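Asks:
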DNA sequence: AACTCGATTGACCGAATGGTCAAGTCGCTC
DNA sequence: GAGCGACTTGACCATTCGGTCAATCGAGTT
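Chains as they are written, first to last, in my numbering: chain U, 91 to 268; chain S, 91 to 268.
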C-alpha cells in the first residue's frame with residue numbers, strides 16, 4: 091500500500107495502472123484483486139490509513155499538554171514533520187479532492203482535522219487567550235497556512251523543518267490571538 | 091475553453107474525454123485538434139488564462155491604493171470573490187498540482203502570485219507596519235489562508251462572500267502584523 | 001501420498017481513449 | 001463559377017487499462 095501510494099504520487103492516480111503497481115511489487119495482478127476489490131478502493135484505503143497516521147503523530151506530539159495554544163503549536167509542528175516524511179500522501183490528498191467519488195473520505199478526514207483544532211481553539215477562547223470568534227474559521231486558517239507552507243517549502247524547495255514550522259507557528263498564533 | 095474547464099472540474103481531467111468535450115460543445119473532434127495540439131495543451135492554456143483572469147481582478151481591485159496593508163486586504167477580497175465565481179478553476183489548479191507535467195505552468199502561476207503579495211509586504215515592512223521577517227513566508231501564509239477558506243466555505247458549503255473574506259482578512263492581517 | 005483450500009499467477013477480454021485523416025463545407029477572390 | 005484555403009466532420013485506428021478467471025502452487029492435515 092505504501093508502494094502504491096508512492097507510485098500514485100509520483101505519476102498521478104490515473105496514469106498509474108494496476109499493472110504498474112503489481113509489477114513494481116513483483117507480484118501478479120490477481121493478488122491485487124484478492125486484497126482490494128478495485129483500484130478505487132485502494133486509494134480510499136490509502137487516504138484513510140494515511141490520515142490516521144497523521145492524526146496519531148499529532149496526538150503523540152501533543153500528549154497531555156494542558157496549554158491549548160501550545161497544543162496547537164505542537165500539532166502544527168508534528169503535522170509538518172509528518173508531511174515532510176510522507177510527501178506522497180500530500181499529493182494524494184490534493185488529487186483526491188479533485189474527483190467527486192473520493193470527496194466523502196476526504197471530507198471526513200478534514201472534518202476530523204478541523205474538529206481537533208477547534209477543540210483547542212475553544213479552550214483558548216474560554217481561557218481568554220483568543221478573542222471570541224468563529225473557532226471553525228480560525229481552524230481552517232491554521233490548516234491553510236500549514237498546508238501551503240508545507241507544499242511551498244518542503245515539496246517544491248527542500249527547506250529544513252524548523253525554519254518553516256517556526257514561521258507557520260508564529261503566523262498562526264498571531265493570526266489566532268491578534 | 092470555459093466549457094472544457096467546467097467539464098474538467100466537474101468530472102476530473104482524466105475521466106473527461108475529448109469526445110465528451112466536443113460533443114458538449116456540439117462540434118466535431120477535428121475542430122478541437124485544429125485549435126489545440128493535445129488535450130494536455132488545452133489544460134495548460136486553461137491554467138494560464140484563468141490565472142491571468144484572477145490577477146487582473148486583483149489589480150483592478152487594488153487600483154492605486156497607497157496603503158500596503160489595505161492593498162493586501164483588497165487583493166484577498168478580490169481573489170475570494172473571483173474564486174467564488176469561478177470555482178471550476180480552483181479544482182483545476184488543485185488537480186494540475188498532482189501531475190508532474192503541469193508543474194511548470196503552475197509553479198509559474200504561483201511565483202507570480204507570491205511575488206505580487208511579497209511586494210506589498212515589503213512595503214509594509216519598510217513602513218514599519220510589519221515586523222522584519224521573511225516576506226515570502228508571510229505571503230505563502232496569506233495564500234494558504236485564502237485558498238483553504240475558499241475551499242471550505244465556498245466550495246464545500248455555500249457561505250456568503252463577506253463573512254468568509256472578513257475572517258480571512260482579519261486572520262491574515264493579524265498573522266502579518268502580530 | 002492424497003486431499004484441501006487460501007493464496008497467487010498472468011494471459012486474456014471488452015470497453016474506452018487520445019489522436020488521425022480522407023472527405024467535405026463555405027465564404028472569399030479572381 | 002472555378003479555384004482556394006481556412007475550417008469542420010466523424011468514422012477509424014492503435015493502444016492502454018481495469019478487471020476476470022482457469023490454472024497452479026504449497027503449507028498444513030489426515
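Every residue, glycine too, gets a C-beta built ideally from N, C-alpha and C. Keep in mind it's a predicted model, so treat the numbers as computed, not measured.
1. Tell me which residue opens and which closes the alpha helix (DSSP H) that residue 125 of chain U is part of.
2. If you scan the stretch 111 to 187 of chain U from start to end, which runs of the alpha helix (DSSP H) of 4 or more residues do you find wholly inside it?
3. Is the beta carbon of residue 147 of chain S closer than 9 Å to that of residue 169 of chain S?
4. Cβ atoms of residue 122 of chain S and residue 137 of chain S: under 9 Å apart, would you say?
5. Should residue 140 of chain U be labelled buried (16 or more other beta-carbon atoms within 10 Å of its own) or exposed?
6. At 7 Å on the CB atoms, spell out the chain S contacts of residue 179 of chain U, in chain order.
7. Using a C-beta to C-beta distance shorter than 9 Å, which residues of chain U count as neighbours of residue 228 of chain S?
8. Mind reading off the beta-carbon distance from residue 187 of chain S to residue 224 of chain U? Whole number of angstroms is fine, and I expect it under 8 Å.
9. Can you tell me the Cα-Cα spacing of residue 103 of chain S and residue 252 of chain U, whole angstroms?
10. Can you say whether residue 207 of chain S is buried or exposed, counting buried as having 16 or more other CB atoms within 10 angstroms of its CB?
11. Where does residue 105 of chain S fall in DSSP's three states?
12. Please look up how many angstroms separate the CB atoms of residue 243 of chain U and residue 249 of chain U, rounded, as I've assumed it's under 8 Å.
13. If we ignore side chains and look at the alpha-carbon of each, how far apart do residue 184 of chain U and residue 184 of chain S end up?
14. Quick one, which of U:205, U:160 and U:124 has its alpha-carbon nearest residue 262 of chain U's?
15. Determine, for residue 205 of chain S, whether the minimum Cβ-Cβ distance to residues of chain U falls below 9 Å.
16. State the CB to CB distance for the pair residue 265 of chain S and residue 264 of chain U, rounded to an integer number of angstroms; the pair is presumed to be in contact (CB under 8 Å).
17. On the CB-based measure, 16 or more other CB atoms within 10 Å of its CB, does residue 230 of chain S come out buried or exposed?
18. I'd like to know whether the C-beta atoms of residue 203 of chain S and residue 167 of chain S end up nearer to each other than 9 Å.
19. Against chain S, does residue 123 of chain U count as a neighbour if the rule is that its beta carbon must be under 9 Å from one of theirs?
20. Rounded to the nearest angstrom, what separates residue 214 of chain U and residue 158 of chain U at their Cα positions?
21. Check for me: the alpha helix (DSSP H) holding residue 237 of chain U runs from which residue to which?
22. How about residue 110 of chain U: is its C-beta nearer than 9 Å to some C-beta of chain S?
23. Residue 228 of chain S to residue 152 of chain S, Cα distance in whole Å?
24. Using CA atoms only, rank isn't needed, just tell me which of U:98, U:226, U:96 and U:165 is closest to residue 259 of chain U.
25. In its own chain, which residues sit with a C-beta less than 6 Å from the C-beta of residue 96 of chain S, not counting the 5 before and 5 after it?
26. Give me the Cα-Cα distance between residue 106 of chain S and residue 154 of chain U, rounded to the nearest whole angstrom.
27. Could you check how far apart the C-beta atoms of residue 162 of chain U and residue 232 of chain U are, in whole angstroms? I think they sit under 8 Å.
28. So which residues of chain S does residue 164 of chain U contact, with C-beta pairs closer than 9 Å?
29. DSSP on residue 250 of chain S, reduced to helix/strand/coil?
30. Note down the Cα distance separating residue 112 of chain U from residue 176 of chain U, rounded to an integer number of angstroms.
Replies: The answer reads as follows:
1. Residues 119 to 125.
2. 119 to 125, 129 to 152, 158 to 175 and 177 to 186
3. yes
4. no
5. It is buried - the Cβ of residue 140 of chain U has at least 16 other Cβ atoms within 10 Å.
6. By Cβ distance, chain S contributes nothing, its closest Cβ being about 12 Å from residue 179 of chain U, past 7 Å.
7. 257 and 261
8. Residue 187 of chain S to residue 224 of chain U, Cβ: 28 Å. No contact.
9. 36 Å
10. Around the beta carbon of residue 207 of chain S, a 10 Å sphere encloses 16 or more other beta carbons of the protein chains shown; the residue is thus reported as buried.
11. coil
12. 4 Å
13. 6 Å
14. U:160
15. no
16. 5 Å
17. buried
18. Cβ atoms of residue 203 of chain S and residue 167 of chain S: not closer than 9 Å.
19. Contacts with chain S at 9 Å (Cβ-Cβ) do not include residue 123 of chain U.
20. 6 Å
21. For residue 237 of chain U, the enclosing alpha helix (DSSP H) begins and ends at 225 to 239.
22. no
23. 19 Å
24. U:165
25. Closer than 6 Å at the Cβ level, and outside the excluded window around residue 96 of chain S, lie 178.
26. 48 Å
27. 7 Å
28. Neighbours of residue 164 of chain U on chain S: none; closest Cβ ~19 Å, over 9 Å.
29. Coil.
30. 21 Å
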